[in-house]
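Residue numbers (the working numbering): 6 to 97.
Reviewing the structure listed below.
Okay, structure coming up:
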């Protein structure tokens, strides 16, 4: 099965005839969500391609984040000490 490049990553491209695609649509969608690309074949020719939808990432407002963290009260203990005590079972 041939491979194609998708946003800098190697993705598997597989071909499925239309009747099989109808019968296995849920499986094919799962594969597409995992990164595969599926070509739908009808009468020996590709007629459609299933690919994952690429959702744009929401941008972080750094000014708002800085203001939010500046307004937070200082912590009584260091994060590493808190994690250590949680791992030792003090807070469970």
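We treat Cβ as the ideally placed atom computed from N, Cα and C, and that holds for glycine.
Enclosing alpha helix (DSSP H) for residue 44 [first to last residue]: Looking up residue 44 in the chain shown gives position 39. Note, residue 44: premise wrong, no alpha helix (DSSP H); beta strand (DSSP E) at 42 to 47.
Cross-strand partners of residue 21 (DSSP beta bridge): Within the chain shown, the letter at position 16 stands for residue 21. Answer is 45, bridged to residue 21.
Beta-carbon proximity list for residue 56, same chain, < 7 Å, skipping 5 on both sides: For this step, residue 56 is matched to residue 51 along the chain shown. Closer than 7 Å at Cβ, skipping near neighbours: 37, 42.
Cβ contact check for the stretch 43 to 53 and the stretch 18 to 26: 3 or more pairs under 8 Å: These segments touch.
Straight-line Cα distance separating residue 84 from residue 90: Counting from 1 along the chain shown, the entry for residue 90 is found at position 85. Counting from 1 along the chain shown, the entry for residue 84 is found at position 79. Near 10 Å, if we compare the C-alpha coordinates of residue 84 and residue 90.
Element boundaries [alpha helix (DSSP H), containing residue 75]: Here residue 75 corresponds to residue number 70 of the chain shown, with the count starting at 1. 67 to 75 is the span of the alpha helix (DSSP H), which, as asked, contains residue 75.
C-beta contact flag for residue 33 and residue 52 at 8 Å: Sequence index remark: in the chain shown, residue 33 carries index 28 (1-based). Sequence index remark: in the chain shown, residue 52 carries index 47 (1-based). Taking 8 Å as the Cβ cut-off, residue 33 and residue 52 do not qualify as a contacting pair.
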